[in-house]
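These notes are about the structure you will find just below.
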Amino acid sequence: MAIAAEIGMGAILAAADELGEMIRRSEECRAYWRAREKMEHNAAAQRLFDELKKKTNGLWTLRDRLGASHDKYLRMKQEVDALWERLYEIPVALQYKAAQDELNALVQEVIEVVLAQLGDTLPVERGPRTCGSGGCSGGCGGSCHASAGA
11 MAIAAEIGMG AILAAADELG EMIRRSEECR AYWRAREKME HNAAAQRLFD ELKKKTNGLW
71 TLRDRLGASH DKYLRMKQEV DALWERLYEI PVALQYKAAQ DELNALVQEV IEVVLAQLGD
131 TLPVERGPRT CGSGGCSGGC GGSCHASAGA
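Under my numbering, residues 11 to 160 are what the sequence shown spells out, in order.
Following this line, the structure appears as structure tokens:
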């Protein structure tokens, strides 16, 4: 593949800025912010979400300290799963989760397209799949929780 003209870093960064702005103006982004605003105005959902964040952080600590097969970790994981179930009983929480997943999918697809374009000409390493990249093992308690079957 021959490159017709050399493009400087400034032009590439300007194109990245434009791409970022396109994502910010996308329907997926607008839907995310609408859903987030509804979520923020639902006191019950916010309480559950705050509790879920605290429990999830504790879950990570237990997993790192004791391992994923320890009884304390497994009990706390059940508590976290129960909180997710309660949160998903609230319609605005489901809408928020769906909007968050859609926006994340858009960003991940853009990243995959860029990586695919570079893969033929550069030794691009995709790196580890982490929470938020579609490769979550379910341990984050975040947006990839439901898709991981945890």
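Glycine included, every Cβ here is placed at the ideal spot set by N, Cα and C. As the structure is a computational prediction, the values presented were derived from the model and not from experiment.
Judged by DSSP in its simplified three-state form, residue 83 adopts helix.
Close CB contacts of residue 101 within its chain, under the 7 Å cut and outside five residues either way in sequence, are absent. With respect to residue 58, residue 96 sits close: the two C-beta atoms are nearer than 9 Å.
Under a 10 Å Cβ-count criterion, residue 110 is classified as buried, with 16 or more other Cβ atoms of the shown protein chains found around its own Cβ.
Straight through space, the alpha carbons of residue 107 and residue 76 are spaced by roughly 30 Å. One thing to note: residue 112 has its Cβ within 9 Å of the Cβ of residue 38. Rounded to whole angstroms, the separation of the alpha carbons of residue 133 and residue 46 is 38 Å. DSSP places residue 106 in the helix class (H, G or I) of the three-state scheme.
With a cutoff of 9 Å on beta-carbon distance, residue 94 and residue 62 are scored as near each other. Rounded to the nearest whole angstrom, the C-alpha separation of residue 120 and residue 28 is 13 Å. Counting only residues of its own chain and dropping the five nearest sequence neighbours on each side, residue 128 has a CB closer than 6 Å to the CB of 134.
No Cβ-Cβ contact shorter than 9 Å links residue 22 with residue 117.
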